[in-house]
Amino acid sequence: MSIPLTRLGGGAFNHSPSNDAEVEYDRLRDLARAEAAKRNSCFDRAHQAYERGDGAEAKELSNEGKRHAAKMDEYNKQASEYIFRENNAVGRVADDTIDLHGQFVEEAEDILEQRIRYAQQHGQTHLHVIVGKGNHSVDHVQKLKPRVEQVCRELGLQYATEENSGRIYVNLQGGEAVMPPLPHQPPAHHGGYESRPHGGQQQHHGGQPSHHQQQHHHQQQQEQPDEIERFVSKLVRKLGDCCVVM
Numbered sequence: 000m001s002i003p004l005t006r007l008g009g010g011a012f013n014h015s016p017s018n019d020a021e022v023e024y025d026r027l028r029d030l031a032r033a034e035a036a037k038r039n040s041c042f043d044r045a046h047q048a049y050e051r052g053d054g055a056e057a058k059e060l061s062n063e064g065k066r067h068a069a070k071m072d073e074y075n076k077q078a079s080e081y082i083f084r085e086n087n088a089v090g091r092v093a094d095d096t097i098d099l100h101g102q103f104v105e106e107a108e109d110i111l112e113q114r115i116r117y118a119q120q121h122g123q124t125h126l127h128v129i130v131g132k133g134n135h136s137v138d139h140v141q142k143l144k145p146r147v148e149q150v151c152r153e154l155g156l157q158y159a160t161e162e163n164s165g166r167i168y169v170n171l172q173g174g175e176a177v178m179p180p181l182p183h184q185p186p187a188h189h190g191g192y193e194s195r196p197h198g199g200q201q202q203h204h205g206g207q208p209s210h211h212q213q214q215h216h217h218q219q220q221q222e223q224p225d226e227i228e229r230f231v232s233k234l235v236r237k238l239g240d241c242c243v244v245m
């Protein structure tokens with residue numbers, strides 16, 4: 000499958016990255032892009048060899064293309080793990096939040112499914128998913144948000160777009176996606192709550208829209224930092240091959 004790899008750079012981070020972090024992330028994606036180009040070249044030449052009746056060369060080129068494809072997947076896997084650790088380090092996001100900035104679409108899908116299962120197993124009632132606003136995507140079109148919504152529907156979970164359109168609130172208990180009242184807090188950075196509502200109701204999905212805010216909401220059972228660290232370490236070891244680009 001041909002993969003349209005694009006450079007993300009600083010747009011892949013939910014914070015102001017160090018120059019070294021941005022360089023490393025781009026280096027890994029660039030290596031993956033280079034392997035994709037080599038793979039495509041091998042497959043094209045393999046097809047040409049087959050067309051002229053040279054089956055031996057066609058097979059050799061095809062196998063070489065597969066080797067480049069495996070290297071491409073490995074570099075993308077390393078980039079996905081790297082950016083996940085950067086954006087979801089303890090203290091960088093809240094315990095009930097996962098940041099998918101910098102992930103390709105299928106990478107984000109795998110990560111989200113594992114995070115949802117982990118959260119449910121540990122008694123969390125909800126999850127905030129940072130998907131970004133698509134500012135760094137081709138034509139500024141959000142690509143992660145539709146896939147996150149699809150995952151929620153497939154898992155039977157209701158969700159709502161937050162006031163910050165780059166975030167999605169997911170009810171992990173199967174009920175209506177109604178967010179609890181916001182605690183008093185200073186203005187948030189990327190992915191945080193906005194301090195002012197836009198004057199309209201939040202957009203709810205997966206069920207009938209809510210016409211009033213619940214007065215009481217079960218508080219999430221907070222995870223300890225060491226549990227989050229264990230989840231991050233476990234998740235990055237399990238990330239599989241990825242192929243569709245954000």
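First residue of the sequence shown? That's 0 in numbering that gives the first Met the number 0, and the numbers climb one at a time after it. Just so you know, even glycine gets a beta-carbon here, dropped at the ideal spot from N, CA and C.
Under three-state DSSP, which class holds residue 95? Translated into the one-based positions of the sequence shown, residue 95 becomes position 96. It is coil, neither helix nor strand.
Going by DSSP, what residue range makes up the alpha helix (DSSP H) through residue 88? Here residue 88 refers to the residue found at position 89 of the sequence shown. It is not in any alpha helix (DSSP H) - residue 88 carries neither H nor E in the DSSP assignment.
Report all residues from its chain with a CB closer than 7 Å to the CB of residue 146; omit the five preceding and five following residues, and keep chain order. In the sequence shown, counting from the first residue as 1, residue 146 sits at position 147. So the qualifying residues of the chain are 104, 107 and 108.
Express the C-alpha separation of residue 79 and residue 51 in angstroms, rounding to a whole number. If you number the sequence shown from 1, residue 51 lands on position 52. If you number the sequence shown from 1, residue 79 lands on position 80. Roughly 40 Å separates the two Cα atoms.
With residue 247 and residue 34 assumed to form a contact (beta carbons below 8 Å), what rounded beta-carbon distance in angstroms separates them? For the chain, the structure presents residues 0 to 245; residue 247 sits outside this window and is missing.
Between the CA atoms of residue 40 and residue 194 - distance to the nearest angstrom: Stepping through the sequence shown from its first residue, residue 194 is reached at position 195. Stepping through the sequence shown from its first residue, residue 40 is reached at position 41. A caution first: residue 194 carries a pLDDT of 33, below 50, which makes its placement in the model too unreliable to give a value.
Counted within 10 angstroms of its Cβ, other Cβ atoms place residue 223 as buried (16 or more) or exposed: The residue labelled residue 223 in the question sits at position 224 within the sequence shown. Residue confidence for residue 223 is low, a pLDDT of 44 falling below 50, so the modelled location carries little weight and cannot support an answer.
Once DSSP output is grouped into helix, strand and coil, what is the label at residue 21? Stepping through the sequence shown from its first residue, residue 21 is reached at position 22. Looking at residue 21 - three-state DSSP - the assignment turns out to be helix.
Identify whether residue 126 lies in helix, strand or coil by the three-state DSSP scheme. In the sequence shown, counting from the first residue as 1, residue 126 sits at position 127. Strand, per DSSP.
So, are the CB atoms of residue 124 and residue 171 less than 9 Å apart? The sequence position of residue 124 within the sequence shown is 125, counting from 1. The sequence position of residue 171 within the sequence shown is 172, counting from 1. Yes.
Quick check: what's the CA-CA separation for residue 167 versus residue 149? For the purposes of this step, residue 167 is taken as residue 168 along the sequence shown, with counting starting at 1. For the purposes of this step, residue 149 is taken as residue 150 along the sequence shown, with counting starting at 1. Computed Cα separation, rounded: 12 Å.
How long is the line joining the alpha carbons of residue 38 and residue 67, rounded to whole angstroms? As a first step, residue 38 must be located in the sequence shown, where it is residue number 39. As a first step, residue 67 must be located in the sequence shown, where it is residue number 68. Approximately 5 Å between the Cα atoms of the pair.
Report the CB separation of residue 64 from residue 45 in whole angstroms; it is logged as a contact under 8 Å. Within the sequence shown, numbered from 1, the residue matching residue 64 stands at position 65. Within the sequence shown, numbered from 1, the residue matching residue 45 stands at position 46. Their Cβ separation, rounded to whole angstroms, is 6 Å, which keeps residue 64 and residue 45 in contact under 8 Å.
Taking the alpha-carbon of residue 130 as reference, which of 122, 159 and 48 has the nearest alpha-carbon? In the sequence shown, residue 130 corresponds to position 131, counting from 1. For the residues 122, 159 and 48, the minimum Cα distance to residue 130 belongs to 159.
What are the partner residues of residue 167, as DSSP defines its beta bridges? Position 168 of the sequence shown, counted from the first residue, corresponds to residue 167. 128 and 160, per the DSSP bridge assignment.
Is it the case that the Cβ atoms of residue 57 and residue 48 are separated by a distance below 9 Å? Translated into positions along the sequence shown, residue 57 becomes position 58. Translated into positions along the sequence shown, residue 48 becomes position 49. Against a cut-off of 9 Å, the Cβ pair of residue 48 and residue 57 comes out as a contact.
Look at residue 115 and residue 102 and say whether their C-beta atoms are less than 9 Å apart. Position 116 of the sequence shown holds residue 115. Position 103 of the sequence shown holds residue 102. No, Cβ-Cβ distance for residue 115 and residue 102 is not below 9 Å.
Secondary structure of residue 177, DSSP reduced to three states: Reading the sequence shown from its first residue, position 178 is the one you call residue 177. Residue 177: coil per DSSP, three-state reduction.
In angstroms with no decimal places, state the Cα-to-Cα distance between residue 32 and residue 153. Residue mapping note: residue 32 aligns to position 33 of the sequence shown, counting from 1. Residue mapping note: residue 153 aligns to position 154 of the sequence shown, counting from 1. Whole-angstrom Cα-Cα distance: 31 Å.
Residue 121 classed as buried or exposed, judged by whether at least 16 other C-beta atoms fall within 10 angstroms: Here residue 121 is taken as the residue at index 122 of the sequence shown, counted from 1. Residue 121 should be labelled exposed.
Spatial distance of residue 144 from residue 27 (CA atoms): As a first step, residue 144 must be located in the sequence shown, where it is residue number 145. As a first step, residue 27 must be located in the sequence shown, where it is residue number 28. Spanning the two alpha carbons is a distance of roughly 24 Å.
Should residue 162 and residue 127 be called a contact, given that it needs their Cβ atoms to be closer than 9 Å? Numbered from its first residue, the sequence shown carries residue 162 at position 163. Numbered from its first residue, the sequence shown carries residue 127 at position 128. Cβ distance not < 9 Å, so residue 162 and residue 127 don't count as in contact.
Let me know if residue 43 comes out buried or exposed under the rule of 16 or more other beta-carbons within 10 Å of its beta-carbon. Here residue 43 refers to the residue found at position 44 of the sequence shown. Its Cβ having fewer than 16 others within 10 Å, residue 43 is exposed.
Taking the straight line between their C-alpha atoms, what separation do you get for residue 155 and residue 90? Stepping through the sequence shown from its first residue, residue 155 is reached at position 156. Stepping through the sequence shown from its first residue, residue 90 is reached at position 91. Cα-Cα distance, rounded: 30 Å.
Just mark residue 246 as buried or exposed, buried being the case when its beta carbon has 16 or more other beta carbons within 10 Å. The shown model of the chain, from 0 to 245, leaves out residue 246, and the question about it has no answer.
Leaving out five residues before and five after residue 118 in sequence, what residues of the same chain have Cβ atoms less than 7 Å from its Cβ? Residue numbering aside, residue 118 sits at position 119 when the sequence shown is read from its first letter. Cβ within range, chain order: 126 and 171.
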